[in-house]
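Peer 1:
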């Protein structure tokens, strides 16, 4: 068996003490950096590349891969504890994770995100080992029409994220897409709603919007009423997920891994999109979708599993085709070239030691990540014991610093500020934030690919109906839109389960 | 009582930390003799693009080689400020004093962004320091493509305008102009599909969603070597001298019957109005760095760039000539915005 | 406030917003090159959709029972409103002053002010402000080489 030989080769490299050490250092540094606001996997890897100069190329790559995985995980901690999604892929983790923390279940949320990350990461590495070539072929068959259909499918899940009022959810979705049109038109190159500011040419920064809506909005609303009231539940439950949490999440992990791995392997989609899609799919699969957004552990699990599964998926095009599929991977590729390697279709045959060494060390990295992070949970949740008046200024500093670092521009600070006010008003008037963010991520990609597809076909819409993958995706969209109507018809009269809404202010 | 003690301890620790960090700054500054000439403190290099990109790598190699060779007394402070095709970072650098302690990247992107009307300042509003390298463009197709030579592609495009889909990177960017120049020279009209990144261009080419693509040698090299992609021609004056197994047989566009040659370039510039002394010091430092064999090994050869060294006023003159040439092309192709 | 009024207000606001975007979209420059869906295509479509949603919210509000009150709206919460204004104002000032004064100074003042305003004792206040300011500076600027504005202290750093 070729594979087994290769895996043995890989482990023999990854388990060398020096590689193991750097893998550990990378994972540790990545986790800590991921916790910092505004410094996600992209910046984290970029900042630490100079440290790896002078190392052996395999060791250096192992360390960078460790940083990548670690940073992907680290972002979830602040999302759960203080509602600050430090990078875009962990936005969906904040939605349910923070509510869990307020209910005294921070330990379970952090534990589930650690374990979900581990399983998602590990399974996707196994996927990378076993089925990279066919997945790469699938990724290649995605042209602009396919991306358009995929993004449309993602947007169709808006109807699922909507919450109580469909109009409100959809309205926020359309508003998010409108905000997404700020910047350069993706095909014509005309400036739209930029007021001539160059820092708005690339659009409105997603992380700043998310931190404003979630973190600043939350702080403002908590300033209402009495300051003495506790924001977080007094007693802090178990540090680990309970048995019923496990049962709730077993299929979530499988589904989210598949979604994360597949979407992660598509160039241009990435971890953020896969977290959104996995979350929406989970809400759709759930028997009690109204729990989502109010502290459903499946929500945390889906988002974290998927964004970590996407890290393995993202390496598929890099290692098999020599093509970077995301910004982080592009940086990794730049680093590989600085080490003197040439990532390309021949890498696998010319340097099997490198390929398999890195893949297996990612596997080990995920194990280390788990060992490292489970004991840390006890430390992290101590943050919740800090009196809220002390926490407020620190969170404010944290998000301002994050907004500034992520774009290096004052515009991002003001975007964060404005969306903080918007987030406050949205809470007051009972509007959901998740659809706005989802649309802000997917809208621009959808618009760009729609226009590119039309340019390819010279304006003919037939292009969306003559390609097998688009047909399948469009059929899925039709089903997902019509399904609720069909279900409603069959179960007429049967009222949906009403769960008590926890912690209504 | 106990609590107060704890607070005092914490305050002490913080003061100690502060003292250490101030001290480390002080020692950093003593690397420069007091009252010495330029540079008396570390130089800030504003990279107007995201980390990991071509320009970022160039600057990091300058920093690495410069420190190794002791040409730079202290490492550069590298700040990435990306956005608006480089406009954001360059605007930021231009806002700093022109004392030589802030420099940024000069490239043809400034020209292109200005021409497309997305720049708040004129493209040549800099103190030009040095142009360091050139990069060329290739027209590439899939290995199983029916287009065996450049003239096949041209014939197909001539037969029916706007039908041959050619992928490139970006809208309102250099690839659009270069395609327009190619079209003008060959007398054809392609259907240009602009993607966000070189990675997407290559996936769409390999996936068969477009017929051809315009790509730098560095972007296509591995794909050519693996036999996935074929290059129909390169935009340089003469054939490229990199890996001869790959590049020896790639004709120039001129040889293949399309009479145009073009290139991209990168270099270093500072805010307008820099004094002679820092400018000369920087030119001299960059000369030493780019003359070294480390530069050739770690940057030019690895990333398939052709080294050049044009400085100050000559560089400005070249940029102005290029601007005029591009402007004519854009007028001809109907891309220029009416002002 | 009742749910009915709240939804009517917010729905009308969305309609106004959609109108602004929709009109602004019509003022966008056309493209020179041939386009199949120009720059104003998407914004126009989306503002129409947003307006429909706004109308839907207003329409739905009419069928809500008039007695339902919005959760989380207090009859009068003057203290809370002042707190929100002060904290939001402090954040705005932070954004304004970050560049001219520099990270270290503004951050320290910002933290000290807010901790004082939120009635945290002076010992803890000063300790936290110092640790957070210097700590984040050490972490971001010295170790991670992120460039933050130094403002007045620029000469020394």
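Residue numbers (the numbering used here), protein chains in the order written: chain B, -17 to 487; chain G, 3 to 341; chain P, 3 to 159.
Note that CB positions come from ideal geometry on N, CA and C, so glycine has one too.
Remember, it's a predicted structure, so these values are computed and weren't measured experimentally.
1. Starting from residue 81 (chain G), find everything on chain P with Cβ-Cβ shorter than 7 Å and list it in chain order.
2. Given a cut-off of 8 Å, decide if residue 93 (chain P) and residue 378 (chain B) are closer than it, judged by their beta-carbon atoms.
3. What separation, rounded to the nearest whole angstrom, lies between the Cα atoms of residue 83 (chain G) and residue 387 (chain B)?
4. Is it buried or exposed, residue 142 (chain P), if we count other Cβ atoms within 10 angstroms and call 16 or more buried?
5. Looking at C-alpha atoms only, which residue of G:147, G:88 and G:56 is the closest neighbour of residue 209 (chain G)?
6. On the CB-based measure, 16 or more other CB atoms within 10 Å of its CB, does residue 206 (chain B) come out buried or exposed?
7. For residue 68 (chain P), count neighbouring Cβ atoms within 10 angstroms of its own Cβ and tell me buried if that reaches 16, exposed if not.
8. Can you tell me whether residue 467 (chain B) is buried or exposed, with buried defined as 16 or more other CB within 10 angstroms of its CB?
9. What's the C-alpha gap between residue 302 (chain B) and residue 139 (chain G)?
10. Would you say residue 11 (chain B) faces chain G, with C-beta separation under 8 Å as the test?
11. Would the segment 165 to 174 of chain B and the segment 364 to 382 of chain B be scored as touching if the rule is three or more Cβ pairs under 8 Å?
12. How about the segment 347 to 362 of chain B and the segment 23 to 36 of chain B: do they share at least three Cβ pairs that are nearer than 8 Å?
13. Please look up how many angstroms separate the CB atoms of residue 405 (chain B) and residue 178 (chain B), rounded, as I've assumed it's under 8 Å.
14. If you count every other CB in all the chains shown that lies within 10 Å of the CB of residue 83 (chain P), and 16 or more means buried, which is it?
15. Here's a check: name, in chain order, each residue in its chain whose Cβ is nearer than 6 Å to the Cβ of residue 291 (chain B), leaving out the five neighbours to either side.
16. Select from B:419, B:423 and B:357 the residue whose C-alpha is nearest the C-alpha of residue 96 (chain B).
17. Do residue 49 (chain B) and residue -5 (chain B) have their C-beta atoms closer together than 8 Å?
18. With the cut-off set at 8 Å, would you say residue 118 (chain G) and residue 174 (chain G) are in Cβ contact?
19. Given a cut-off of 8 Å, decide if residue 425 (chain B) and residue 151 (chain B) are closer than it, judged by their beta-carbon atoms.
20. Looking at the structure shown, is residue 239 (chain G) part of a helix, part of a strand, or coil, going by DSSP?
21. So is the beta-carbon of residue -3 (chain B) under 7 Å away from any non-hydrogen atom of the ligand SAM?
22. Which residues in chain P sit within 8 Å of residue 371 (chain B), going by Cβ to Cβ distance?
23. For residue 442 (chain B), would you say it is in contact with chain G, using Cβ-to-Cβ distances shorter than 8 Å as the test?
24. Would you mind reading off the limits of the beta strand (DSSP E) that contains residue 266 (chain G)?
25. Taking 6 Å as the limit between beta carbons, can you name the residues of its chain near residue 129 (chain B), skipping five residues before and five after?
26. Give the list of continuous alpha helix (DSSP H) stretches no shorter than 4 residues that lie fully inside the segment 73 to 107 of chain P.
27. With a threshold of 16 other CB atoms inside 10 Å of the CB of residue 300 (chain G), please say whether the residue is buried or exposed.
28. Using CA atoms only, rank isn't needed, just tell me which of B:87, B:99 and B:90 is closest to residue 72 (chain B).
29. At a Cβ threshold of 8 Å, is residue 173 (chain B) touching chain G?
30. Using alpha carbons as the reference points, say which of B:-13, B:76 and B:174 lies closest to residue 120 (chain G).
31. Anything in chain G within Cβ reach of residue 35 (chain B), meaning under 8 Å, just list it in chain order.
32. Can you find a CB in chain B that lies within less than 8 Å of the CB of residue 67 (chain P)?
33. What residue does the beta strand (DSSP E) around residue 367 (chain B) start on, and which one ends it?
34. Compute the distance between the beta-carbons of residue 183 (chain B) and residue 165 (chain B), then report whether it is under 8 Å.
35. Residues in the segment 179 to 208 of chain B with C-beta within 8 Å of chain P's C-beta atoms, listed in sequence order?
36. Spatial neighbours of residue 252 (chain B) within its chain, please: CB distance less than 6 Å, with the 5 preceding and 5 following residues excluded, ordered by chain position.
Peer 2: By the coordinates alone:
1. As a position in the second chain, residue 81 (chain G) is number 79, starting the count at 1. What residue 81 (chain G) touches in chain P: 149.
2. Position 396 of the first chain, counting from 1, holds the residue named residue 378 (chain B). Position 91 of the third chain, counting from 1, holds the residue named residue 93 (chain P). Going by C-beta atoms, residue 378 (chain B) is nearer than 8 Å to residue 93 (chain P).
3. Taking the first residue of the second chain as 1, we reach residue 83 (chain G) at position 81. Taking the first residue of the first chain as 1, we reach residue 387 (chain B) at position 405. Distance between the alpha carbons of residue 83 (chain G) and residue 387 (chain B) is about 10 Å.
4. For the purposes of this step, residue 142 (chain P) is taken as residue 140 along the third chain, with counting starting at 1. So residue 142 (chain P) counts as buried.
5. Here residue 209 (chain G) is taken as the residue at index 207 of the second chain, counted from 1. Residue G:147 is the option with its Cα nearest to residue 209 (chain G).
6. In the first chain, counting from the first residue as 1, residue 206 (chain B) sits at position 224. Buried, because 16 or more other Cβ atoms sit within 10 Å of the Cβ of residue 206 (chain B).
7. Here the question's residue 68 (chain P) lines up with position 66 in the third chain. That one is exposed.
8. Residue mapping note: residue 467 (chain B) aligns to position 485 of the first chain, counting from 1. Classification for residue 467 (chain B): exposed.
9. Within the first chain, the letter at position 320 stands for residue 302 (chain B). Within the second chain, the letter at position 137 stands for residue 139 (chain G). One C-alpha to the other measures close to 24 Å.
10. Start at 1 with the first residue of the first chain, and residue 11 (chain B) comes out as number 29. Closer than 8 Å: no.
11. no
12. no
13. Your numbering for residue 405 (chain B) matches position 423 in the first chain. Your numbering for residue 178 (chain B) matches position 196 in the first chain. So it is not a contact: roughly 27 Å between Cβ atoms.
14. As a position in the third chain, residue 83 (chain P) is number 81, starting the count at 1. Residue 83 (chain P) comes out exposed.
15. On the first chain, residue 291 (chain B) is found 309 positions in, with the first residue counted as 1. Correct list, in chain order: 102, 106, 239, 242 and 243.
16. Your numbering for residue 96 (chain B) matches position 114 in the first chain. In this structure, B:357 is the residue among B:419, B:423 and B:357 with its C-alpha nearest to the C-alpha of residue 96 (chain B).
17. Locating residue 49 (chain B) in the first chain gives position 67, where the first residue counts as 1. Locating residue -5 (chain B) in the first chain gives position 13, where the first residue counts as 1. Not a contact, by the Cβ cut-off of 8 Å.
18. Against the second chain, residue 118 (chain G) aligns to sequence position 116. Against the second chain, residue 174 (chain G) aligns to sequence position 172. Against a cut-off of 8 Å, the Cβ pair of residue 174 (chain G) and residue 118 (chain G) comes out as a contact.
19. Working through the first chain from its first residue, we reach residue 151 (chain B) at position 169. Working through the first chain from its first residue, we reach residue 425 (chain B) at position 443. Contact: no.
20. Along the second chain, read from residue 1 onward, the residue named residue 239 (chain G) stands at position 237. Reduced to three states, the DSSP call for residue 239 (chain G) is coil.
21. Ligands displayed in this structure: none; no statement on the ligand SAM is therefore possible.
22. As a working note, residue 371 (chain B) is residue 389 in the first chain. Residues of chain P passing the Cβ test: 117, 120, 121 and 122.
23. On the first chain, position 460 is the one that residue 442 (chain B) refers to. By this cut-off, residue 442 (chain B) is not an interface position.
24. Residue numbering aside, residue 266 (chain G) sits at position 264 when the second chain is read from its first letter. Per DSSP, residue 266 (chain G) belongs to the beta strand (DSSP E) from 266 to 273.
25. Reading the first chain from its first residue, position 147 is the one you call residue 129 (chain B). Contacts found: 431.
26. 80 to 103
27. Looking up residue 300 (chain G) in the second chain gives position 298. Buried, because 16 or more other Cβ atoms sit within 10 Å of the Cβ of residue 300 (chain G).
28. Residue mapping note: residue 72 (chain B) aligns to position 90 of the first chain, counting from 1. Cα-wise, what sits closest to residue 72 (chain B) is B:99.
29. Along the first chain, one-based indexing puts residue 173 (chain B) at 191. It does; some Cβ of chain G falls within 8 Å.
30. Here residue 120 (chain G) refers to the residue found at position 118 when the second chain is read from its first residue. For residue 120 (chain G), the nearest C-alpha among the options comes from B:174.
31. Here the question's residue 35 (chain B) lines up with position 53 in the first chain. Neighbours of residue 35 (chain B) on chain G, chain order: 66.
32. Against the third chain, residue 67 (chain P) aligns to sequence position 65. No, because no Cβ of chain B sits closer than 8 Å to the Cβ of residue 67 (chain P).
33. Here residue 367 (chain B) refers to the residue found at position 385 of the first chain. Segment: none, residue 367 (chain B) is in no beta strand (DSSP E) and carries neither H nor E.
34. What you label residue 183 (chain B) is simply residue 201 of the first chain in a count that begins at 1. What you label residue 165 (chain B) is simply residue 183 of the first chain in a count that begins at 1. Yes. Within cutoff.
35. 198, 201, 202, 203, 205, 206 and 207
36. Locating residue 252 (chain B) in the first chain gives position 270, where the first residue counts as 1. Contacts found: 308.
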